[in-house]
Amino acid sequence: MRVFKFGGASVKDAEGVKNAARIIESHKGDQLVVIVSAMGKTTNALEELLTLHLTRSEAVFQKLEEIKSFHFEICNNLFENKKEAIFQELHNTFVEAEWQIEDEPIGTSGFEYDQLIGLGELLSTKILSAYLSSTLVKNSWIDARDVVRTDNTYQAAIVDWKETEQLIQQKFKTLNESVIITQGFIGSSSENFTTTLGREGSDFSAAIFASILNATEVVIWKDVEGMLNADPKHYESTVKLENISYKEAVELAYYGASVIHPKTIKPLENKEIPLYVKSFKNPAAEGSLINRDSSRDNEIPSYIHKENQILVSFSSRDFDFIDERKLSELFQLFSKIGLSFNILQNSAISFTVAFDYNESKINRLRKEVSENYKVVYNEGATLITIRHFTEQIIADLLKGRTVLLEQRTRSTARFVLS
Ligand code: ASP
């Protein structure tokens with residue numbers, strides 16, 4: 027059994043859906059579990075819809091109309107027969123969202139988020155499944171919420187592996203088709219509310235299914251030729267990493283390489299399931315392979331940019347050391363606010379940390395620490411990490427730049443630049 031994951035960019039329009047269907051069809055006969063993200067930028071659009079709902083803005087209905095027409099337009103281009111059941115299916119799926127936005131927001135915003143945002147994956151998988159059926163590729167659509175059980179940490183739900191394993195295994199015993207279509211990113215809590223696994227979480231979903239079903243491989247279909255050593259947005263010439271180890275992939279993902287969701291690797295590594303990253307534009311090409319083999323990890327330097335960072339330096343007002351007790355209070359505060367740090371450094375009386383900039387979270391932090399700490403902020407900073415660097419690379423990188431913070435190990439150099 028193989029697990030394929032199609033991200034939003036691969037199914038951003040009717041052509042994309044047709045292309046994904048062709049890739050699936052070319053593996054007809056194999057056992058295939060296909061995990062699909064929301065189409066194009068739908069998750070962002072749903073996030074905007076949520077904000078409008080939470081602020082009780084009238085524009086919420088207009089936004090929902092836009093999301094609707096985007097999906098119906100794709101279906102119009104895929105299905106000649108406007109009486110196909112998929113049109114009614116989509117309509118029914120949207121009705122649930124309508125109910126939610128018509129009502130007063132209930133519970134926490136995290137709860138509202140998960141009930142609304144998972145809609146994108148339900149829509150995309152219904153469309154792909156219906157299109158495959160119309161081209162005579164038999165498939166079963168399953169609702170990931172019936173089988174991926176999580177706790178109720180909304181927006182970053184933690185998977186209950188034991189329960190999920192049982193549910194997936196039970197479900198798969200009842201399925202006869204060789205192609206199974208399901209959603210990435212979503213699961214459900216034991217109270218049967220939808221939960222989400224965190225942005226870009228569909229890769230992780232693919233790893234969950236692959237690990238439980240003992241897949242022979244996972245393929246993540248992307249709009250790039252594989253794992254590149256840098257983001258083409260920032261670097262003119264990039265190189266594809268042919269083969270890296272799980273460990274290297276985890277490191278790159280941790281530092282912010284956006285190709286694979288960081289949680290994806292561990293379940294695959296545990297079961298030694300190889301992971302391929304391939305281009306949906308050129309499916310026959312080789313792509314990148316991530317497996318046990320670390321022999322080529324050092325071959326090519328990788329560059330990871332994280333922009334829009336805020337560097338925060340705390341120093342205690344009473345000139346006290348920032349000791350374990352103080353650090354532990356600060357870490358608890360970060361965790362309470364939901365701020366994840368990207369790099370940290372401390373000296374005797376100060377402690378410096380970089381976060382992805384998030385205005386409301388940073389304001390909360392400011393409020394909570396102002397009594398005990400003097401705090402200095404640098405906004406608009408960039409964090410650059412270079413794996414397997416050379417001195418020359420660093421010299422070129424830093425030319426004319428102001429370094430706010432610097433850290434090096436044998437294999438990794440990191441700089442926060444203003
Ligand atoms: N659709 C979700 C997102 O955009 C999950 C995913 O695509 O992985 O974050």
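For what it's worth, the working numbering labels the leading residue of the sequence shown as 27, then goes sequentially. All C-beta atoms in this analysis are idealised placements derived from N, C-alpha and C, irrespective of residue type, glycine included. Just so it is clear, the structure is predicted and the values come from calculations on it, not from any experiment.
Would the beta-carbon of residue i be found less than 7 Å away from any heavy atom of the ligand ASP?
i           : result
residue 84  : no
residue 284 : no
residue 63  : yes
residue 382 : no
residue 211 : yes
residue 229 : yes
residue 225 : yes
residue 33  : yes
residue 147 : yes
residue 134 : no
residue 242 : no
residue 69  : yes
Any Cβ of chain B within less than 8 Å of the Cβ of residue i?
i          : result
residue 64 : Looking for chain B here will not work: only one protein chain is present.
Report yes if the C-beta distance between residue i and residue j is below 8 Å; otherwise report no.
i           : j           : result
residue 378 : residue 354 : no
residue 206 : residue 60  : yes
residue 315 : residue 269 : yes
residue 154 : residue 29  : no
residue 297 : residue 245 : no
residue 143 : residue 170 : no
residue 320 : residue 274 : yes
residue 151 : residue 167 : yes
residue 204 : residue 58  : yes
residue 163 : residue 127 : no
residue 123 : residue 145 : yes
residue 285 : residue 380 : no
residue 181 : residue 140 : yes
residue 26  : residue 306 : Residue 26 is absent from the structure shown; the chain starts at 27 and stops at 444.
residue 251 : residue 311 : yes
residue 327 : residue 415 : yes
residue 72  : residue 98  : no
residue 231 : residue 223 : yes
residue 254 : residue 264 : yes
residue 104 : residue 40  : yes
residue 399 : residue 343 : yes
residue 94  : residue 120 : yes
residue 177 : residue 186 : yes
residue 486 : residue 31  : The structure shown does not extend to residue 486, since the chain spans only 27 to 444, so no value can be given for it.
residue 43  : residue 100 : yes
residue 15  : residue 363 : It is not possible to answer for residue 15, since the shown part of the chain is limited to 27 through 444.
residue 411 : residue 261 : no
residue 371 : residue 431 : yes
residue 293 : residue 279 : no
residue 413 : residue 437 : yes
residue 34  : residue 67  : yes
Strictly by DSSP, which residues pair up with residue i?
i           : result
residue 439 : 412, 434
residue 404 : 337
residue 123 : According to DSSP, which records beta bridges pairwise, residue 123 is partnered with nothing at all.
residue 399 : 342
residue 248 : 305
residue 213 : 221
residue 167 : 207
residue 137 : In DSSP, residue 137 forms no bridge with anything.
residue 378 : 339, 371
residue 109 : Paired residues: none, contrary to the question.
residue 175 : 214
residue 287 : According to DSSP, which records beta bridges pairwise, residue 287 is partnered with nothing at all.
residue 59  : 29, 206
residue 237 : Its beta-bridge partners do not exist; DSSP assigns none.
residue 317 : 271
residue 328 : 413
residue 76  : For residue 76, which the question treats as bridged, DSSP gives no partner whatsoever.
Should residue i be counted as a contact of the ligand PLP given a C-beta to heavy atom distance under 7 Å?
i           : result
residue 390 : Judged by which ligands are present, the ligand PLP is missing from the structure shown, whose ligands are the ligand ASP.
message: With three or more C-beta pairs closer than 8 Å as the rule, is the segment 77 to 89 touching the segment 45 to 55?
response: no
- request: Could you tell me whether the segment 312 to 326 touches the segment 263 to 279, using the rule of 3 or more Cβ pairs below 8 Å?
  value: yes
- prompt: Any contact of the segment 398 to 406 with the segment 329 to 344, i.e. 3+ C-beta pairs under 8 Å?
  reply: yes
task: Pair every Cβ in the segment 416 to 427 with every Cβ in the segment 362 to 376, then say whether three or more of these pairs are closer than 8 Å.
output: Not touching, per the Cβ criterion.
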